[in-house]
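One line per chain: the protein sequences are A and B, in this order. Numbers 1 to 251, taken from my numbering, label the letters of the first sequence in order. Numbers 1001 to 1311, taken from my numbering, label the letters of the second sequence in order. Working notes, structure below.
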Amino acid sequence: MKRGTLLRVALGTVLLALVLRPAWFAWVFAPFAPEGGPIIYERASLLSLSLSHLGLVALASTAATLVAVTLAILVTRPAGAAFLPLSRTITNMGQTFPPVAVLALAVPSLGFGSGPTLVALFLYGLLPIFENAITGLSTLPPATMEAARGIGLSRRQRLVRVELPLALPVILTGIRLSVVIALGTATIGSTVAARTLGEVIIAGLLTNNTAYVLQGGLIVGLFAVLIYDAMVQVEAFLFRRLGGQPSETSE
Amino acid sequence: MIEIEQITKLYDGLPAVDSVSMTVDTATITVIVGTSGSGKTTLLRMINRLVEPSSGEVRINGTPTGTLAKHVLRRRIGYAIQGHGLFPHYTVARNIAAVPELLGWPKEKINARVDELLDLFSMEPEQFRDRYPAELSGGQQQRVGVARALASRPDLLLMDEPFGALDPIIRARAQEDLRRIQQALGSTIMLVTHDMEEAMHLGDRVAVMDEGRLVQHGTPAEIVLRPATDFVAEMVGGVERPLRLLSLIPVSEIVEEGSAEGDALAADTSLRDALSTCLWSGRDAVPVVQDGVPMGRVTLDAIRAQAKGQR
């Protein structure tokens, strides 16, 4: 645990420095830059690209969470059970459709910029959240559910006070998977002019500048690792609160 | 008073509970006993309408249950089940407070009630109020489950195999607790079990169910002495009947003048335990004391006379 905290702080510091003071790392990336070419990406500030990248992911993941969880709630009610296969099909399609194809298809209607990326991330993020929410809501402890009914909680009260809180750790796992996938996938958005860290990577690919590719990739990777870790901590805390053993070791 | 009238539940046209009628007096424990599939749990669940009756009526203090909304009805009836069913994400206090909260009790009244119940179940409020169910032992969880069911002072407490998941020693203690608390609060309880021993021990009245029908409803002594059917006799346990009978009678009932050697028994000891003491210590008579004052003695012959059923 102690060592884990230390590692977390170290990675966080490196990430902050990379984003805020990229020039400090010129010596690291210099060997990968082309002869006499630029080493550090300077066409846009890495900070603003990072914020815009994270913003896109946050927006898409929030929307995916709202839709997927609502859908999962509906199909786990007795009245909505018939729609379970249909919603599964829809969310599965969202996952199987490659994001690149979604971008290409969305550009004509939404134009260049963030729009197509948001759509692609949203569709791609639905499935893990939906499947986990279904699992969480349909594997609640039967004695607790029986008691909730027996002591006189209405349907709505059971959902809000018992079912959702108990399913929360499992739903969060789905959100975590979805967010991490979105962090990586968002880089592709820069092919249709969304402002993401993908811009750095793509610029590097176009000019044969491996230093750019490394910078972009490293920042995205560090964000993904740290956000993933933070969410694991939250899940483990909730899980312990519910009386179970931590689902995954954080180290 | 709980009146159950001609209540029936059909599944696919077959009766799971077949026209059962019975009356449960206020402040008594009625134990419904039967094998699995006898319809005992279905009968219990029809009282708080977790199962809707196909026909018939249940009245609680004169109010037919069908006239109330389900959740309103259930808030008036305590419900405790096997495996406690506590909310794992609520503290002990919030679990117990669940129904009073639904009923909109003021906060101070809820807190006072929670502490009162924890005290009643011998759980120090300071120590247990803020714990989570996972941090309790099985016996403690079960007590919190019963405390939650009693929290709003319900007209009726339904218990479905409440002690089924406990080991024998903890179960015996839980049964004693339930008896004591029922007498202290004057609660009306209907409890389902498959264990005739438990039924004899806890019930003021015992109702025996077989294949959806109520085959006998009476005091434990009646059930043992005059089983209505072969099935009841079998449930009571053929060869064990004299012992069951003895277990229902305290020594104070047959205590006589005189003295005896050896350690004394308390007046509320059952004749079964007295017999056991006689046999184990090889005595023909044992002294009886009440609150430390000698009452007399109980003899092996007197016990034997009590154990004789009708032929």
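Yeah, the Cβ is synthetic: ideal placement off N, Cα and C, and Gly gets one too.
Reference residue i, options the options, closest by Cα
i	options	result
D1273(B)	G1066(B), D1230(B) and V1298(B)	V1298(B)
T5(A)	E235(A), R240(A), F237(A) and L226(A)	L226(A)
S1021(B)	L1156(B), L1118(B) and A1207(B)	A1207(B)
A1233(B)	G1034(B), I1007(B) and S1137(B)	G1034(B)
L1086(B)	V1146(B), L1185(B) and M1235(B)	V1146(B)
G204(A)	M145(A), I40(A), Q95(A) and V57(A)	I40(A)
S138(A)	A60(A), L121(A) and E163(A)	E163(A)
G1307(B)	A1221(B), Q1290(B) and F1231(B)	Per the sequence presented here, residue 1307(B) reads as Ala, with Gly not at that position. Considering only alpha carbons, the answer is A1221(B).
L166(A)	L71(A), I219(A), L54(A) and N132(A)	N132(A)
P38(A)	V220(A), L71(A), Q215(A) and L159(A)	Q215(A)
Y228(A)	K2(A), R3(A) and L11(A)	L11(A)
T1091(B)	T1188(B), R1129(B) and D1012(B)	R1129(B)
L47(A)	F122(A), T91(A), L140(A) and R21(A)	R21(A)
Y212(A)	L7(A), A81(A), A120(A) and F25(A)	F25(A)
L1156(B)	I1047(B), V1289(B) and R1205(B)	I1047(B)
D1301(B)	Q1290(B), G1262(B), V1255(B) and I1170(B)	V1255(B)
I1170(B)	R1113(B), Q1141(B), E1253(B) and L1246(B)	Q1141(B)
Outcome for residue i when other beta-carbon atoms lying within 10 angstroms are tallied against a minimum of 16
i	result
S250(A)	Confidence at S250(A) is low in this model, with a pLDDT of 35, below 50, so the placement of that residue should be treated as unreliable; the coordinate-derived value is given next. So S250(A) counts as exposed.
V1099(B)	buried
T1229(B)	exposed
A1151(B)	buried
G1292(B)	exposed
K1009(B)	buried
V1251(B)	buried
E235(A)	buried
G1037(B)	exposed
D1210(B)	buried
P1064(B)	exposed
V9(A)	exposed
Min CB distance residue i to chain A below 7 Å
i	result
P1088(B)	yes
Y1079(B)	yes
E1003(B)	no
H1071(B)	yes
G1139(B)	no
G976(B)	The shown model of chain B, from 1001 to 1311, leaves out residue 976(B), and the question about it has no answer.
A1097(B)	no
R1074(B)	yes
A1016(B)	no
Residue i - partner residues in DSSP beta bridges
i	result
M1159(B)	A1080(B) and L1191(B)
S1270(B)	P1250(B)
T1063(B)	I1060(B)
I1002(B)	V1024(B) and I1060(B)
I1032(B)	V1192(B) and A1207(B)
A1285(B)	T1299(B)
T1008(B)	S1055(B)
E1256(B)	R1297(B)
V1017(B)	K1009(B)
L1214(B)	M1209(B)
CB contact flag (residue i, residue j, <7 Å)
i	j	result
V1286(B)	A1260(B)	yes
A33(A)	L126(A)	no
G1056(B)	G1212(B)	no
P1015(B)	P1088(B)	no
L1202(B)	Y1079(B)	no
I1060(B)	I1002(B)	yes
L1044(B)	D1160(B)	yes
F112(A)	A193(A)	yes
M1235(B)	M1190(B)	no
I129(A)	S178(A)	yes
L1103(B)	R1131(B)	no
T117(A)	G217(A)	no
P1053(B)	I1007(B)	yes
L168(A)	L74(A)	no
A60(A)	A182(A)	yes
V1224(B)	R1244(B)	yes
G1237(B)	G1296(B)	no
Residue-level contact to chain B via CB, residue i, 7 Å cutoff
i	result
G111(A)	no
L84(A)	no
T144(A)	yes
A194(A)	no
G136(A)	no
A79(A)	no
S247(A)	For S247(A), the predicted structure reports a pLDDT of 39, less than 50, and the residue's modelled location is therefore unreliable. A value from the coordinates is still provided. No, S247(A) lies away from the interface with chain B (no Cβ there is under 7 Å from its Cβ).
A147(A)	yes
I171(A)	no
L242(A)	yes
I151(A)	yes
P165(A)	yes
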